[in-house]
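Asker: Got a structure for you, written out below as structure tokens; questions coming shortly.
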Amino acid sequence: ISLRTIAIVGQLHQATYIPKPQIQLDSATRETMAIDAKRKTQKRDDATKPRKKSKQASSSSPSTKKGQQSSSSSGYQKQRKHADIVTGAKALWNQLRQKKNTKEQTRELMDKLIPLIKGKVKEIALQHDAARVVQAALQFGTLEERRSVVKELTADPGTLAELSKSQYAHFVVLKVIQYGHQDNEICLPLIIKNFKGHMSKLAVHAVGSRVVEALFTTIHPLSKLSSLKLEFYGPHMILFGASLFNKDNKQQNSSITLAYCIQQAPKHKKAALE
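Written as structure tokens, this is what we have:
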């Protein structure tokens, strides 16, 4: 390309160049645009700066926070059912569990505890921090006091089965079995009667299965639990097995097994094994 050609092209470019028209803004518009630009800059600067803690937050000490938590928890405690009774019963339990207590001290504490929880045993047993109070009443109580607690827990059908499914209350049922199974006159019949109709569901329950295991490993002879064991064989065997208890034969005094039930009623074998 020659120098003349370059010069001609430059002249053509200058001839075709049209400068952009400058927009004339009035003073009000320019002032508004300046304010908007200033606001955007301020926001950008605020976003990049580290946030400062408020004086109120920084002035609050850990002790203040603990005080607030304790006050809120105490307010919750007061709203619970039988809150005052549970608080007093827990204080007595805390003294009862001391190993250094004498028999006289234990008796004195039990004389205060039993009247305090009477009529409210089930509600207290279902509370996670008060279930141990009922356990202590069964552990340290006399035969009459244990009977009183067991009678209250078995007053409604299926109460023991309901408590057996609770993570905390099932420990109360374990104590009922532990300290009540030797009382063949009152406690044991009430326990067995209250569990009737619930064994098959409890056996497959994550928590209730522990109670079922305690029943069959604690109570002896197993013939006492024959009516409960029939529930594992199905509804047909429950109806048929009940009649076996009324028969005048040797099997009446021993544990009724599935093999014996099938032998006596072969037509129910298929239903029992399904």
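Following the UniProt record's numbering, the numbering of the sequence shown begins with 1 at its first residue and continues without gaps. Using N, Cα and C, we set each Cβ at its ideal position, and we do this for glycine too.
#1: Using the three-state DSSP reduction, which class does H82 fall into: helix, strand or coil?
#2: Nearest to L190 by CA position, among H220, S223 and T154, is which residue?
#3: Can you tell me the Cα-Cα spacing of K201 and A125, whole angstroms?
#4: Leaving out five residues on either side along the sequence, give the residues of the same chain with a beta carbon under 8 Å from the beta carbon of I192.
#5: Cβ of A161 within 8 Å of Cβ of H198?
#6: Which residues in the same chain as F195 place their Cβ atom closer than 8 Å to its Cβ, once the five residues preceding and following it in sequence are excluded?
#7: For I186, does the three-state DSSP call read helix, strand or coil?
#8: Are the CB atoms of S166 and V211 within a distance shorter than 8 Å?
#9: Mind checking K78: buried by the 16 CB within 10 Å criterion, or exposed?
#10: Buried or exposed: where does L273 fall if 16 or more other Cβ atoms within 10 Å of its Cβ makes it buried?
#11: Here's the rule: buried if 16 or more other CB atoms are within 10 angstroms of the residue's CB, otherwise exposed. What is K43?
#12: Name the two residues that bound the continuous alpha helix (DSSP H) containing L228.
#13: Helix, strand or coil for P266 per DSSP?
#14: Which of helix, strand or coil does DSSP assign to T87?
Answerer: According to the structure shown:
#1: Position 82 of the sequence shown, counted from the start, is the residue given in the question as residue 82. Coil at H82, not helix or strand.
#2: On the sequence shown, position 190 is the one that residue 190 refers to. The residue with the shortest Cα to Cα distance from L190 is T154.
#3: Taking the first residue of the sequence shown as 1, we reach residue 201 at position 201. Taking the first residue of the sequence shown as 1, we reach residue 125 at position 125. Rounded to whole angstroms, K201 to A125 spans 21 Å at the Cα level.
#4: Within the sequence shown, the letter at position 192 stands for residue 192. Hits under 8 Å: K224, L225, S227 and L228.
#5: Your numbering for residue 161 matches position 161 in the sequence shown. Your numbering for residue 198 matches position 198 in the sequence shown. Yes, the Cβ-Cβ distance between A161 and H198 is below 8 Å.
#6: As a working mapping, residue 195 is identified with position 195 in the sequence shown. Within the same chain, F195 has close Cβ partners L160, A161, L202, L215 and L228.
#7: The residue given as residue 186 occupies position 186 in the sequence shown. DSSP places I186 in coil when its eight states are reduced to three.
#8: Taking the sequence shown and counting its residues from 1, the one referred to as residue 211 is at position 211. Taking the sequence shown and counting its residues from 1, the one referred to as residue 166 is at position 166. No. Outside cutoff.
#9: Taking the sequence shown and counting its residues from 1, the one referred to as residue 78 is at position 78. Residue placement at K78 is poorly supported in this model, since its pLDDT is 49, which falls under 50; the coordinates are not used for a value here.
#10: The residue labelled residue 273 in the question sits at position 273 within the sequence shown. By the neighbour-count rule (16 or more Cβ atoms within 10 Å), L273 is not buried but exposed.
#11: Here residue 43 refers to the residue found at position 43 of the sequence shown. Counting the other CB atoms within 10 Å of its CB gives K43 a total below 16, which places it among the exposed residues.
#12: The residue you call residue 228 lines up with position 228 of the sequence shown. Start and end: S226 to K229.
#13: As a position in the sequence shown, residue 266 is number 266, starting the count at 1. Note: P266 maps to helix in three-state DSSP.
#14: Position 87 of the sequence shown, counted from the start, is the residue given in the question as residue 87. Reduced to three states, the DSSP call for T87 is helix.
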